[in-house]
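For what it's worth, this note's numbering labels the leading residue of the sequence shown as 557, then goes sequentially.
Cβ coordinates follow ideal geometry from the N, Cα and C atoms, glycine included.
Take a look at the structure set out below.
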Amino acid sequence: MESRLQPISRADRIIVALDFDCQDDALRLVERLSPATFFKVGPRLLAASSWGIVNALAEMGKKIFLDLKLHDIPTTVGATVTNLGRYPVTALSVHACTGSETLKSAVRSARSLPSPIQIWAVTLLTSLSDSAFVDELMINGSPGDYVEHLAVLSRYCGADGVVAPATETSRIKEVCGNEFVVVVPGIRPSGTRRDDQSRLATPAEAIRAGADFLVVGRAITASHDPVAAFLRIVDEMSSAG
């Protein structure tokens, strides 16, 4: 993992998800949330703001996780990563289930950039329930085994890390090594709503499991006091030891 991604404080380990429909709303939150250094931008905000949001965050000195969850053939994904090299992005997500050739293509393109982008492979969406995993996707085996398998595949293909539920983080660290980054979404501080998530964890649970970064959205962005909400999560992370 590159030095610019080494977490130097608990606050640096929180990636705030900017799931907004307006660039101005997103930037107002970022300006207000001065303790945060890392932000996630996904298709929802990009569709509303185009690439101006990425450049604006970079100008503010923030790190950017571009959560596009690329899912396509190797040539298309590789070329997309190359084209993204013109933007100041720290990390980019690609679906692990695209297979080894697409993952390798993404990694090759990311490594060839003047400023390499971290490739984080998405294993299993935290909104997906166990019943949907079996009945709708018709995947044999358990969700945990599936996540571990995709993590091992991603590491073999050269990815820098994975996006995975907290419940599988310790398994991933055991088989892939501590240097392999695990990014955990579906974080809900104690006492907050589940919303549309099925695979949840508190900040302390995720940290104890070995998570390197926590992705937190509505628990911060929908709070009447985002700064206080952010600092409460930092405190919860501290309780993990």
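| query | result |
| --- | --- |
| For the stretch 681–697 against the stretch 725–738, do three or more pairs of beta-carbon atoms, one drawn from each stretch, fall closer than 8 Å, so that the two count as touching? | no |
| Pairing CB atoms from the stretch 574–589 with CB atoms from the stretch 761–771, are three or more of them under 8 Å? | no |
| For VAL637, count neighbouring Cβ atoms within 10 angstroms of its own Cβ and tell me buried if that reaches 16, exposed if not. | buried |
| I need the DSSP call for ASP580, collapsed to helix, strand or coil. | helix |
| Could you spell out the range, first to last residue, of the beta strand (DSSP E) harbouring GLY717? | 717–719 |
| Starting from the C-beta of ALA785, find all residues in its chain whose C-beta is less than 7 Å away, skip the five residues before and the five after it, and write them out in chain order. | ALA775, ILE776 and SER779 |
| What distance in whole Å lies between the Cβ atoms of GLY714 and LYS625, which are believed to be in contact at a cut-off of 8 Å? | Actually they are not in contact, since the Cβ atoms of LYS625 and GLY714 sit about 18 Å apart, beyond 8 Å. |
| Buried or exposed for VAL737, going by 16 or more other Cβ atoms inside 10 Å? | buried |
| From SER717 to ALA604, what distance separates their C-alpha atoms? | One detail in the question is off: residue 717 reads as Gly in this sequence, not Ser. Between GLY717 and ALA604, the C-alpha separation is close to 28 Å. |
| For ARG569, is the classification buried or exposed, using 16 other Cβ atoms within 10 angstroms of its Cβ as the cut-off for buried? | buried |
| Would you kindly work out how many angstroms separate the C-alpha atoms of SER649 and PRO721, rounded to a whole number? | 15 Å |
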